[in-house]
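One line per chain: the protein sequences are X and C, in this order.
What the first sequence shows, in the working numbering, is residues 1 to 352, in sequence order.
What the second sequence shows, in the working numbering, is residues 1001 to 1352, in sequence order.
Where a beta carbon is used, it is the ideal one built from N, C-alpha and C, also for glycine.
First comes the structure, then the notes that go with it.
2 protein chains.
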Amino acid sequence: MASRATVKLADVAREAGVSKGTASNVFSRPEVVRDEVREHVLATAKAMGYGGPSVQGRLLRAGKVNAIGVAAVEPMAYFFEDPWARALMAEISAVCDASGTGMALVSAKNQQKLVWNIQSALVDGFILLCVEGGEKLVELTRERHLPFVALALGVDDKSIPTIGIDNIAGASMAARHLAELGHRRFAVLGTEFSEGGAGLLTDEQVRSATFSTSRDRAIGYWRMLAEFGVAPESVPVYETQDVASIRAAVAAIFAAPEPPTAILAMSDRVALVAMEWLAEQGLRVPEDVSIVGFDGVKEAELSEPPLTTIVQPLAEIARQAVQAILQDAVPVERQSIPLTLAVRASTAKPKG
Amino acid sequence: MASRATVKLADVAREAGVSKGTASNVFSRPEVVRDEVREHVLATAKAMGYGGPSVQGRLLRAGKVNAIGVAAVEPMAYFFEDPWARALMAEISAVCDASGTGMALVSAKNQQKLVWNIQSALVDGFILLCVEGGEKLVELTRERHLPFVALALGVDDKSIPTIGIDNIAGASMAARHLAELGHRRFAVLGTEFSEGGAGLLTDEQVRSATFSTSRDRAIGYWRMLAEFGVAPESVPVYETQDVASIRAAVAAIFAAPEPPTAILAMSDRVALVAMEWLAEQGLRVPEDVSIVGFDGVKEAELSEPPLTTIVQPLAEIARQAVQAILQDAVPVERQSIPLTLAVRASTAKPKG
DNA sequence: ATGCTTGCTTGGATCGGTTCAAATTTACAC
DNA sequence: GTGTAAATTTGAACCGATCCAAGCAAGCAT
């Protein structure tokens, strides 16, 4: 059946005794061709083992793939394993499903030629998950000359179409919640501020961070705490990367002579790791220490205790992002979407 | 800048004063063209705002997309939400990453024309997750005349290239484990046996099930239990679908005058739902009742208590599936991959 | 019969590149 | 200055369809 592989529309047309144009119509606009001709062509096609119009041929003409690519500077498994990415992908999927749009996964880790990557992915546009290496990702995508929007972009660059959240406002909400409960001794368990960093940060390091996401959250915490009379200098900020660095940070925080009564965590992931560490040490949440996360991933609802956190409206972010790509109407400036505070059981009034 | 959209290779070639062929080489085989010519063409291209060779044009010639599609008769969010699918996708991702292959998600729920679906997805082949509606999915895919392998196919059909697991052997392992612990009263908490069914099944209904996955697991349980002197008739089999039907089934099981001391669950998902129900009822696992799952999803390790289960070697399944597609060497007959028993804390000797 | 619609068919242009045999240029030895 | 091999460049053919202006036949009114 080697022949099958090479049967093309033109062959069918010739065999059926009609023109290529008519044969094409039989498949893509059946209503314009006379019934008996259509039947005959269809029969011939089947007999020859023709598998319908080749997608690539059609594509070349149409120019539209009907799919959007989602890219990150992470291995592809990231899309299925990272809680935030997964939740976001599920929302993006739902929007795509509704509009009959396909999704392709792209990992920007692999930059060899001849492989599937940002340069070669067959898509109509990109949604970029910029949690890490966002700028590099944007740069690569620009070359493709396709519409794209950056999500969770950690840098301020007016020229990049971005849909984001107001990190300062979100962090402020988290801080206000704890302050209103009566907490006055805090520590910030941060995410990444600059390429590969970890450990206790100075005020100066925080303000000059490479990643604005972490910086803004820190600023949001500080600003709100100041309103409650808590001096920023008294609130240590720890930068973290992997699980080990998170655990090291929490350990450092609680090694202090007067440990905090509340932890401001810059992501649910770090919050959950911290809670694990606390449980191991016999420290109870929220009795001994309160903790509030950031992101609002599913896991935060199911943890023990359920984590109070700032939840991102992922569905809305997904909707706007997909729409922007499909309509080739990417936002000219950063779109900000409001956050909400979900109060659960990891926060309570401080002891005494 | 409307012009930009239409700058093509031929334009650049003309402007730079070289032939289309040379211009093409500049981009796809830069080493064959003289340095100064290459520089010049590149400069011209940049000046004209040419965004590199269009992927679709190249595709038409090359014929290879460098991506595989993963399809299921589920909304696309399924790939990110269902524990089994997610775990499998992560493994498939890893294999694809290693070979520079892209992944596209396809939902066969949406069968309108003009949308991204099995007929139109730009991929080199398909991996089908046949947990539900597997046959329909296979049929649709056949029309595409592309290589494909079915995973978790629930029917016996020698003509379908399938990579699967030995459900009978796996179920036997689960049953042996419980029997060796001393259990003699069992109930089977099943998955789907036929389109939309639920509730207690007769022996006859089990044997004539539409989905061989469920049937084989039931047979595996029965067969091994018989070796320990437990009559199949004494082991009720409940079919389940959604969470409500699972809960109803467990409730029915424990409403019996002499409830079982051990539950054989046909998937980790039903096992976890059952454990939730048991906890609500104040029944302790494994003290009051032992339970063993099937699949070996991540959640089963993290549950309270961790679930004893039959784990599927998803990494191996993924590897074989992807390789089969990439090399266009789909198995001619069903490939079976061995399972292992992971003994954790949800099983123990029966009381008294 | 003639003129005018209406409805299907046709063939060639086009989408945007890649490929390869042949032509041309360059390099080098004699 | 000439011959030959090696390095580049060219131009036409091709990938597999869709699109569209133009052609043609049948149907209908006058």
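Contact set between residue i and chain C, taken where Cβ atoms lie within less than 7 Å
i: residue 81 of chain X; result: 1090
i: residue 25 of chain X; result: Going along chain C, no residue has its Cβ under 7 Å from residue 25 of chain X, so there is no contact; the nearest lies around 14 Å.
i: residue 305 of chain X; result: Neighbours of residue 305 of chain X on chain C: none; closest Cβ ~14 Å, over 7 Å.
i: residue 55 of chain X; result: 1120, 1122
i: residue 60 of chain X; result: 1056, 1057, 1060
Whole-angstrom distance between residue j and residue i, CA atom to CA atom
i: residue 48 of chain X; j: residue 27 of chain X; result: 15 Å
i: residue 25 of chain X; j: residue 32 of chain X; result: 7 Å
i: residue 1207 of chain C; j: residue 1196 of chain C; result: 17 Å
i: residue 1017 of chain C; j: residue 1039 of chain C; result: 13 Å
i: residue 159 of chain X; j: residue 332 of chain X; result: 8 Å
i: residue 173 of chain X; j: residue 352 of chain X; result: 24 Å
i: residue 119 of chain X; j: residue 145 of chain X; result: 10 Å
i: residue 1115 of chain C; j: residue 54 of chain X; result: 15 Å
i: residue 364 of chain X; j: residue 1081 of chain C; result: A query on residue 364 of chain X cannot be resolved here, the shown segment of chain X reaching from 1 to 352 and no further.
i: residue 1324 of chain C; j: residue 34 of chain X; result: 42 Å
i: residue 1014 of chain C; j: residue 85 of chain X; result: 45 Å
i: residue 217 of chain X; j: residue 266 of chain X; result: 7 Å
i: residue 9 of chain X; j: residue 46 of chain X; result: 12 Å
i: residue 1355 of chain C; j: residue 1318 of chain C; result: Here chain C comprises residues numbered 1001 to 1352, so residue 1355 of chain C is not present and cannot be evaluated.
i: residue 2 of chain X; j: residue 1312 of chain C; result: For residue 2 of chain X, the predicted structure reports a pLDDT of 32, less than 50, and the residue's modelled location is therefore unreliable. A value from the coordinates is still provided. Cα to Cα, the separation comes out at about 36 Å.
i: residue 1360 of chain C; j: residue 1219 of chain C; result: No statement about residue 1360 of chain C is possible, as the shown extent of chain C runs from 1001 to 1352 and does not include it.
i: residue 192 of chain X; j: residue 79 of chain X; result: 19 Å
i: residue 4 of chain X; j: residue 11 of chain X; result: Because the pLDDT at residue 4 of chain X is just 42, under 50, the model does not fix this residue reliably, and the point stays unresolved.
i: residue 1257 of chain C; j: residue 1299 of chain C; result: 32 Å
i: residue 1304 of chain C; j: residue 6 of chain X; result: 57 Å
i: residue 1134 of chain C; j: residue 1178 of chain C; result: 31 Å
i: residue 302 of chain X; j: residue 1210 of chain C; result: 36 Å
i: residue 100 of chain X; j: residue 1184 of chain C; result: 52 Å
i: residue 97 of chain X; j: residue 243 of chain X; result: 35 Å
i: residue 1020 of chain C; j: residue 1041 of chain C; result: 11 Å
i: residue 321 of chain X; j: residue 102 of chain X; result: 14 Å
i: residue 326 of chain X; j: residue 126 of chain X; result: 10 Å
i: residue 200 of chain X; j: residue 94 of chain X; result: 40 Å
i: residue 1275 of chain C; j: residue 52 of chain X; result: 50 Å
i: residue 264 of chain X; j: residue 235 of chain X; result: 10 Å
Residues that DSSP places opposite residue i in a beta bridge
i: residue 1281 of chain C; result: Paired residue(s): none; residue 1281 of chain C is not in a bridge.
i: residue 126 of chain X; result: X:69, X:148
i: residue 238 of chain X; result: X:189, X:200
i: residue 1311 of chain C; result: C:1295, C:1340
i: residue 1264 of chain C; result: C:1188, C:1292
i: residue 1103 of chain C; result: X:105, C:1068
i: residue 1335 of chain C; result: C:1163
Under 8 Å by beta carbon: chain X residues contacting residue i
i: residue 1066 of chain C; result: 114, 115, 116, 120
i: residue 1110 of chain C; result: 97, 100
i: residue 1159 of chain C; result: Residues of chain X passing the Cβ test: none, with the nearest at roughly 15 Å.
Interface residues of chain X facing residue i [CB-CB closer than 9 Å]
i: residue 1086 of chain C; result: 80, 81, 86
i: residue 1379 of chain C; result: Because chain C in this structure spans residues 1001 to 1352, residue 1379 of chain C falls outside the shown range and cannot be described.
i: residue 1096 of chain C; result: 76, 105, 107, 116
Anticipated Cβ contact below 8 Å, residue i with residue j, distance rounded
i: residue 72 of chain X; j: residue 153 of chain X; result: Residue 72 of chain X to residue 153 of chain X, Cβ: 12 Å. No contact.
i: residue 1296 of chain C; j: residue 1342 of chain C; result: 6 Å
i: residue 291 of chain X; j: residue 346 of chain X; result: 5 Å
i: residue 140 of chain X; j: residue 108 of chain X; result: 6 Å
i: residue 262 of chain X; j: residue 1090 of chain C; result: Going by Cβ atoms, the distance from residue 262 of chain X to residue 1090 of chain C rounds to 35 Å, so no, they are not a contact pair.
i: residue 336 of chain X; j: residue 166 of chain X; result: 5 Å
i: residue 147 of chain X; j: residue 330 of chain X; result: 5 Å
i: residue 124 of chain X; j: residue 65 of chain X; result: 5 Å
i: residue 1225 of chain C; j: residue 1175 of chain C; result: 5 Å
i: residue 339 of chain X; j: residue 169 of chain X; result: 7 Å
i: residue 162 of chain X; j: residue 171 of chain X; result: Contact flag wrong, Cβ pair sits at about 18 Å.
i: residue 277 of chain X; j: residue 250 of chain X; result: 5 Å
i: residue 1293 of chain C; j: residue 1268 of chain C; result: 4 Å
Under 8 Å by beta carbon: chain C residues contacting residue i
i: residue 320 of chain X; result: The contacting residues do not exist; residue 320 of chain X stays about 18 Å from chain C at best.
i: residue 63 of chain X; result: 1056
Neighbouring residues, chain X, relative to residue i (Cβ below 7 Å)
i: residue 1144 of chain C; result: 51
Near the ligand FMN: residue i beta-carbon under 7 Å from a heavy atom
i: residue 1059 of chain C; result: Judged by which ligands are present, the structure shown has none, so any question about the ligand FMN falls away.
Beta-carbon neighbours of residue i, restricted to chain C and to distances below 9 Å
i: residue 326 of chain X; result: Result: empty, since nearest Cβ-Cβ is about 12 Å, beyond 9 Å.
* Can you check the stretch 1155-1200 of chain C for any beta strand (DSSP E) of at least 3 residues that lies completely inside it and give the ranges in chain order? => Whole beta strand (DSSP E) segments, 3+ residues: 1162-1165, 1186-1189.
* Taking only runs that begin and end inside the stretch 1005-1085 of chain C, name each unbroken beta strand (DSSP E) of 3 or more residues, in chain order. => 1067-1072, all fully within the stretch 1005-1085 of chain C.
* Runs of beta strand (DSSP E) lying entirely within the stretch 201-226 of chain X, each at least 3 residues, in chain order -> Qualifying beta strand (DSSP E) stretches: none in this window.
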